[in-house]
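Note sheet for the following structure.
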């Protein structure tokens with residue numbers, strides 16, 4: 001790989017991450033970050049075999065050194081002058097749905113550490129690489145940094161404190177970055193996924209709700225791609241995606 | 001015209017309306033509604049001459065009878081069984097930017113009458129025609145009803161009371177319709193335009209703000225089109241569009 | 001009555017209006033506006049007999065002339081130089097909870113006409129009388145204009161379009177007035193009542209929800225009074241009040 | 001001190017914390033927590049000398065053991081069966097107003113650690129003590145847990161990422177606790193301070209903005225007290241307080 005442009009997806013496991021990776025791989029070499037290689041191995045193979053270009057790097061986004069190492073590997077692969085066309089932060093922690101008084105400190109902290117602190121490490125690493133693209137004529141679309149949000153980004157329900165803390169916090173991070181880096185040409189977006197994603201692991205959910213009651217990851221990927229293609233005269237910072245039957 | 005599918009745009013004057021009309025005309029015959037024929041005459045000609053199909057109907061959306069008459073004309077042209085693939089409500093009234101105590105009743109009411117009451121008349125007329133499409137296999141995308149919002153849909157500033165009243169109210173209308181008709185298969189969306197649109201009439205605004213400081217209407221139209229293409233497993237109800245330099 | 005200071009409550013029927021009237025009557029002569037005299041007759045008597053001072057004026061807030069006449073009567077009673085210490089807009093229209101396509105134009109418009117257009121007429125009449133108080137040393141608290149909101153001020157549910165339109169619109173009005181008249185010394189507030197109010201007419205609601213599941217109107221009145229007593233260095237514009245068991 | 005009821009204020013330094021302490025000391029023995037004893041020493045003396053009862057405990061709210069130790073001390077002083085009438089979480093970290101790419105990890109984390117993680121430790125410790133009060137007839141008002149918010153609780157500006165992350169996160173914590181513990185009788189509130197507080201240290205701010213352009217801490221304290229006195233039939237979860245001249 002000698003391309004000077006790439007996209008990077010953190011949290012490239014099945015679901016949103018994989019679908020976004022497939023979509024962006026139609027246009028860019030993609031770098032997939034996930035804690036464990038088995039999360040992306042098949043996908044890397046699939047993309048490479050179908051004419052795209054993908055590489056996976058085992059990365060713990062909640063660990064500063066691990067993120068640093070991942071971007072060193074990226075620099076080695078694509079060159080120090082390469083620019084990032086699009087970065088997607090889709091990592092999430094373990095949801096501990098529990099009465100507040102039963103939450104351990106570790107359970108409370110884990111979603112924050114992965115979502116928000118991970119988002120901090122990732123953003124600090126990738127923003128200089130996104131900024132490079134704002135002056136490069138070969139980029140067709142403004143460089144884009146997209147965060148995956150959830151229902152809990154906007155509403156903090158009983159027993160969801162740890163997850164909502166993480167998601168509210170990450171929304172604050174995305175919003176501040178949009179205001180700081182938007183005027184410098186980087187499109188920062190926040191996509192609120194308000195519904196159950198249609199995955200093998202969510203098979204049992206909403207079984208009787210009829211067809212299309214769960215969000216197709218491919219359509220989420222289309223949304224991320226659409227945001228990526230917006231010109232800088234009209235950026236969308238935030239939108240939600242929800243199945244048509246979802247109460248909200 | 002004997003097509004059984006069409007799109008209708010209310011408020012088809014220069015700017016968002018015209019751009020949306022051009023975009024949707026690539027896929028559907030379009031019906032353009034505006035109070036005065038001179039608002040759409042050129043555009044109708046342009047679309048018809050470039051391979052599309054357009055018709056204009058002079059309509060005062062704030063007048064119940066006028067809206068009724070417009071949809072009778074539509075039924076005559078496309079047939080009673082025709083279905084509406086996409087309806088865009090983009091009409092707006094006169095902005096009276098004034099100290100509150102100087103507002104006349106007419107100035108206070110005008111934006112509400114056009115935006116919200118007009119939106120009511122339009123939605124009552126078009127929804128049965130959109131619902132037809134939910135069971136029609138020839139439709140590629142779920143039928144869509146889109147409303148144009150503004151900064152004042154979310155924030156009501158000093159001296160903007162009449163406009164913000166109209167825009168908050170219209171947002172309430174769109175949100176209620178999304179919750180009622182989404183589960184029936186109609187995608188109802190609300191697009192918050194947060195910035196100055198790049199038009200001949202806005203030439204003097206933001207003159208020194210550099211390139212792309214005003215929103216290109218064509219990119220707004222792309223957003224409407226993107227919303228239209230979303231599958232029902234993942235509808236977006238609300239998003240904002242703003243130039244990268246916009247403070248918010 | 002020769003007092004130069006008074007409070008005025010529009011929508012003085014049983015519930016919030018009556019409770020607010022009783023509370024403010026502890027400090028000011030109160031003027032009660034309601035469409036029909038039977039809405040306030042008993043209350044006027046009760047206040048006058050218990051050492052307070054109250055007067056009722058039959059007023060249709062949705063009618064410009066009726067509002068004008070009411071304030072002429074007020075001027076005659078209190079004197080042209082009298083100032084209004086507090087104005088509460090609590091009028092509401094008829095809730096038509098109906099599928100959107102079954103709503104008549106009158107049903108759609110009625111809540112807007114009473115809430116928002118009524119709020120417009122009332123605010124235009126009362127603001128000059130509130131502004132007088134900002135320079136009067138005899139006023140203990142900044143003059144206050146308070147609006148009664150509802151759950152539907154913030155969320156527009158299916159079948160609630162007409163009510164939510166009215167409530168979103170009135171919130172926009174209150175917010176714009178706060179930004180314009182706050183800096184001139186008038187405290188404009190918006191109280192979101194998010195729950196069922198405990199009234200003879202709501203006896204059947206939440207019967208099995210246990211004690212205190214409905215809001216005591218007297219505690220709502222305490223909230224309005226508390227807002228009235230805030231000094232201008234720390235105004236609250238918006239707050240919600242809800243029973244402790246309410247889901248939200 | 002043998003009283004079985006007390007109030008506890010975390011973040012009892014000058015400003016909001018001290019004012020709230022003075023106010024609640026009119027009704028309850030108060031426990032003041034701050035990292036350094038010099039933050040509360042004078043205030044403890046002042047309260048004790050003027051007929052109230054106060055005790056200070058040097059506590060680092062961002063440290064689990066320190067918070068645990070503080071509540072052990074409280075239990076020793078007031079007895080294991082004592083109940084907390086009101087708990088106020090007002091601690092805040094160091095604001096690092098900096099371009100995002102210059103933020104160190106420590107600067108990014110500090111406000112979160114103090115505000116949100118501190119809020120977590122404090123809430124886990126104090127909620128069981130607040131819950132005791134819900135069944136105690138001697139309590140005049142429902143037990144209350146109040147969090148201090150800021151402009152950045154609702155809006156995340158450029159260069160404010162670390163502070164907004166902390167404040168959004170803490171708002172999520174407060175909101176989740178309100179939904180979980182409200183139905184159990186504990187009033188959880190979130191007060192958004194939207195303006196500069198009038199303090200010796202803020203003397204240089206808004207010098208030319210005229211009188212009352214900064215919030216009087218005593219009026220903030222009145223707001224906290226008012227929230228504390230609300231009956232459970234009508235709890236307010238969130239409100240903002242801002243000077244009348246503040247743009248927002």
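Protein chains in written order, with the UniProt record's numbering: chain A, 1 to 248; chain B, 1 to 248; chain C, 1 to 248; chain D, 1 to 248.
Glycine included, each C-beta is placed from N, C-alpha and C at the ideal position.
Straight-line gap, residue i to residue j (C-alpha atoms, nearest Å)
i                      : j                      : result
residue 179 of chain B : residue 157 of chain C : 6 Å
residue 53 of chain A  : residue 30 of chain A  : 6 Å
residue 4 of chain B   : residue 72 of chain B  : 15 Å
residue 200 of chain A : residue 243 of chain A : 17 Å
residue 246 of chain B : residue 194 of chain B : 8 Å
residue 219 of chain A : residue 230 of chain B : 7 Å
residue 150 of chain D : residue 176 of chain A : 15 Å
residue 235 of chain B : residue 41 of chain A  : 31 Å
residue 118 of chain D : residue 15 of chain C  : 42 Å
residue 114 of chain B : residue 60 of chain B  : 8 Å
residue 43 of chain A  : residue 137 of chain A : 30 Å
residue 109 of chain C : residue 108 of chain B : 15 Å
residue 106 of chain B : residue 135 of chain C : 32 Å
residue 181 of chain A : residue 232 of chain D : 45 Å
residue 203 of chain C : residue 187 of chain D : 25 Å
Cβ shell of residue i (< 7 Å), same chain only, five flanking positions each side left out
i                      : result
residue 132 of chain B : 83
residue 116 of chain A : 166, 169, 170, 173
residue 124 of chain B : none
residue 248 of chain A : 194, 242
Own chain, CB closer than 8 Å to residue i, minus 5 neighbours either side, in chain order
i                      : result
residue 206 of chain A : 196, 213, 214
residue 1 of chain A   : A caution first: residue 1 of chain A carries a pLDDT of 40, below 50, which makes its placement in the model too unreliable to give a value.
residue 198 of chain C : 214, 215, 216, 217
residue 75 of chain A  : 82
Cβ neighbours of residue i in the same chain (closer than 6 Å, five flanking residues each side left out)
i                      : result
residue 9 of chain A   : 17, 20, 21, 32, 88
residue 23 of chain B  : 221, 225
residue 97 of chain C  : 159
residue 141 of chain B : 228, 229
residue 58 of chain C  : 37
Paired residues, beta bridge with residue i - DSSP
i                      : result
residue 123 of chain C : According to DSSP, residue 123 of chain C bridges with nothing at all.
residue 202 of chain D : Residue 202 of chain D is not bridged to any residue.
residue 83 of chain A  : A:5
residue 240 of chain C : C:192
residue 148 of chain D : D:191
residue 55 of chain B  : B:31
residue 181 of chain D : In the DSSP output, where bridge partners are listed per residue, residue 181 of chain D has none listed.
residue 235 of chain D : C:242
Member of the options whose CA lies at the smallest distance from the CA of residue i
i                      : options                    : result
residue 223 of chain D : D:135, D:41, D:192, D:248  : D:192
residue 79 of chain D  : D:162, D:129, D:66         : D:129
residue 37 of chain A  : A:97, A:24, A:70           : A:70
residue 25 of chain D  : D:161, D:35, D:46          : D:46
residue 7 of chain C   : C:56, C:231, C:61          : C:56
residue 184 of chain A : D:100, D:233, D:216, D:12  : D:100
residue 153 of chain B : B:138, B:145, B:111        : B:111
residue 145 of chain C : C:127, C:11, C:139         : C:127
residue 159 of chain C : C:181, C:202, C:182, C:104 : C:104
residue 34 of chain C  : C:138, C:163, C:122, C:161 : C:122
residue 190 of chain A : A:227, A:140, A:155, A:204 : A:227
residue 51 of chain C  : C:64, C:39, C:27, C:63     : C:27
Beta carbon of residue i nearer than 8 Å to that of residue j
i                      : j                      : result
residue 238 of chain C : residue 240 of chain D : yes
residue 86 of chain A  : residue 143 of chain A : yes
residue 11 of chain B  : residue 92 of chain B  : yes
residue 95 of chain D  : residue 163 of chain D : yes
Exercise for the section: Residues of the segment 165-177 of chain C with a CB closer than 9 Å to any CB of chain G: list them in chain order, please. Expected result: The structure shown has no chain G; the protein chains it does contain are A, B, C and D.
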